[in-house]
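For reference, the structure is listed below as structure tokens.
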Amino acid sequence: MKKPPLKKFYDLIRFVLLTTFIFYISMLLLDYYLPSSNHGISFFFFNITATNHTQVRKPSTISINSSEIRNYTTIVNATHHEGEIRKNNLSPPPPPPPPLNITKNIEVVAKPPKEKFDPCSGRYVYSYDLPSIFNEDLVKDCKSLNKWFNMCPYLSNLGLGERVIEKSRRKVLLKNSWYVTNQFSLEVIFHEIMKHYKCLTNDSSLASAIYVPYYPGLDVGKYLWDFSISRRDETPKKLMNWLREKAEWKKMMGKDHFMVGGRTGFDFRRGSEDESDWGTKLMFMPEASKMAILPIESSSWDNDFPIPYPTYFHPSKDKEILQWQERMRKMKRNYLFSFAGAPRPNSTYSIRNDLIHHCKTSKSCKLLDCYVNNINYCDDPVHVIHVFQLSVFCLQPPGDSYTRRSTFDSILAGCIPVFFHPNSAYKQYLWHLPKNGSSYSVFIPQQDVQTKRTIIQDTLSRFSKEQVLAMREQVIRMIPSIIYRKPGSRLEKFEDAFDVAVKGVIQRIEGIKRKELL
């Protein structure tokens, strides 16, 4: 029996509604449960609430940089935002985003390069280029520098003097590096070494010290006899006027300046305007009183710092020093003590005459008389060094002044110096000699010799073999610090007298700067 037409119509409507309902439910379920395919297929999700739809593509393994990571985060945040909206409309939230295999481009920030180490930091020295009247012209006029003898041979070879040619078979000296150096030529030697100082700078703003290459000893030597005091003071006054106009001077008013004086401080400290008075008043001039003055002997003032007399030995390499030290250690010393010098017959205070008499009467003493048949053997490096090499102790009494060049010749020969006045060494060369004087020398009060309270030979004989060896070793170790190297050369292992002096000057200036900051 056939259905009526109206019933068929209702059945069709029910079918359409049911089909539509099933399709609607299916789409909701798909929207909730089906994420993007793990096989690279992309799905599009449509929000039934008419929200803007977002397309999310799940790629396979990718490599992105930092900006891409930020973009991805924006997309994920948008997806979560849509899920929140669906939640408010009773729609289930979307699943979390699938894991991504992300390779980050990490930016590596290089560390700033370390500042290059400057071995000259705090050691730079600036040297003035003085007018030639203050140095070079004095050397050129070498014949007139001394009333008694010609200084020209002594100022050859950059102030070292003529090279020693040893004619004897004894081989007292090494083959090279020995010169007939005058005791008053230090200003020239120091200046020539400074020209090759490894921390010399043309930029005065970098300098820890300012060197004034004036030769005051050579200058005053020309006028010590038969010249007026105004002539003696003329060149020093010109120098002070020249310095005052320099910017380097005005920075610390000369407190960071220094100069070398190749004579004793007494020669630069004339205390009066009496024409018969000795020397120049250089060190009493207001400008010079602010500088450090480096003479070969101090006058016990605050701004003079004595440095060693120049010896005959001027090595250019460390190995020459080492060879010489080793030779002095092995030297056979046949005499207990020795003395090299000339008598002072008209002197009432000198003990030289006593020492010469004592030495002549003792078999344990070796005497080098300076003048024999009008020949000065004390100016001959071979004779002087040979006598000291043969001796355990070397007597060093005051001469024309408290100090002697012979002191440094004896140290050079490994001979233990014997002093009779504290101003001969202990109160003088504070930068260059050990503080403990008994570690390298013997002290016998001068008055004990004059009053015969002390017999020199007996005193020296009391030292044990061990004590003598210890003192001699200390003396030999001191050799590098009391010699001046050959100009133009550099020592790697040792500091010579020049290096020690420059270090002392810089430390003094640093101390002044610290006090001014307080």
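Those letters in the sequence shown? Residues 2 to 519, per the numbering used here, in order.
Where a beta carbon is used, it is the ideal one built from N, C-alpha and C, also for glycine.
Bear in mind that the values here come from a model prediction, so they are computed numbers and not experimental data.
| request: Pair every Cβ in the region 183-195 with every Cβ in the region 157-165, then say whether three or more of these pairs are closer than 8 Å. | output: yes
| message | Using C-beta distances below 6 Å, list every residue in its chain close to residue 354, excluding the 5 sequence neighbours before and after it, in chain order. | response | 344
| I think residue 221 touches residue 268, with their Cβ atoms under 8 Å apart; what is that distance to the nearest whole Å? | 6 Å
| said: Could you check whether the region 236-243 touches the region 134-144, counting it as contact only if at least three pairs of C-beta atoms, one from each stretch, sit closer than 8 Å? | reply: yes
| task | Please confirm whether residue 309 and residue 483 have their CB atoms less than 8 Å apart. | result | yes
| request: Give the C-beta separation of residue 407 and residue 471 to the nearest angstrom, bearing in mind that I take them to be a contact with Cβ-Cβ under 8 Å. | output: Not quite, the Cβ-Cβ distance comes to about 23 Å (not below 8 Å), so this is no contact.
| task | Evaluate contact between the region 505-515 and the region 246-262, counting only Cβ atoms and requiring at least three cross-stretch pairs below 8 Å. | result | yes
| task | List the endpoints of the continuous alpha helix (DSSP H) containing residue 384. | result | 382-390
| Host beta strand (DSSP E) of residue 366 (start-end) | 366-370
| task | Check whether the region 397-411 touches the region 345-365, counting contact only when three or more Cβ pairs, one atom from each stretch, lie closer than 8 Å. | result | yes
| request: Put residue 212 into one of helix, strand or coil per three-state DSSP. | output: strand
| Hey, how far is the Cα of residue 40 from the Cα of residue 12? | The predicted model places residue 40 with a pLDDT of 43, which falls under 50 and marks its position as unreliable; any figure quoted below should be read in that light. Computed Cα separation, rounded: 43 Å.
| Any idea what DSSP makes of residue 430, helix, strand or coil? | coil
| Alpha-carbon spacing of residue 460 relative to residue 481, whole angstroms | 29 Å
| Residue burial classification, residue 314 (beta-carbon count within 10 angstroms, cutoff 16) | buried
| query | Tell me which same chain residues have a C-beta within less than 8 Å of the C-beta of residue 426, skipping the five on either side of it? | reply | 397, 404, 408, 418, 420, 434, 438, 442
| said: Among 264, 339, 387, whose alpha-carbon lies nearest the alpha-carbon of residue 281? | reply: 264
| If we count Cβ pairs, one from each stretch, closer than 8 Å, do we get three or more for the region 279-296 versus the region 311-325? | no
| beta strand (DSSP E) segment containing residue 340, residue limits | 336-342
| query | Is residue 346 helix, strand or coil by DSSP? | reply | coil
| query | Shortest alpha-carbon distance to residue 176 belongs to which of 270, 321, 275? | reply | 321
| said: Would residue 499 and residue 211 be called neighbours here (beta carbons separated by less than 8 Å)? | reply: no
| Would you say residue 378 faces chain D, with C-beta separation under 8 Å as the test? | Among the protein chains of the structure shown there is no chain D, as only one such chain exists.
| field | Alpha-carbon to alpha-carbon, residue 490 and residue 127 | value | 19 Å
| Mind checking residue 1: buried by the 16 CB within 10 Å criterion, or exposed? | Residue 1 lies beyond the stretch modelled for the chain, which goes from 2 to 519, so this question has no answer here.
| said: Please report the straight-line C-alpha distance between residue 333 and residue 120, rounded to a whole angstrom. | reply: 42 Å
| request: Rank 423, 208, 278, 296 by C-alpha distance to the C-alpha of residue 219 and give the top, closest one. | output: 296
| request: Kindly identify the DSSP beta-bridge partner or partners of residue 260. | output: 294
| query | residue 197: which of 144, 497, 488, 360 sits nearest, CA to CA? | reply | 488
| field | Proximity below 8 Å, CB of residue 248 to CB of residue 125 | value | no
| message | Using 8 Å for Cβ pairs, my map puts residue 386 next to residue 414. What's the rounded Cβ distance? | response | 5 Å
| task | Pull up the distance between the alpha-carbon of residue 279 and that of residue 360, whole angstroms please. | result | 34 Å
| said: Going by DSSP in three states, residue 395 sits in which element: helix, strand or coil? | reply: strand
| message | Can you look up residue 403 in the DSSP assignment and give me helix, strand or coil? | response | coil
| Which residues DSSP lists as bridging residue 486, in chain order | None; residue 486 has no bridge partner.
| Pairwise C-alpha distance: residue 144 and residue 151 | 5 Å
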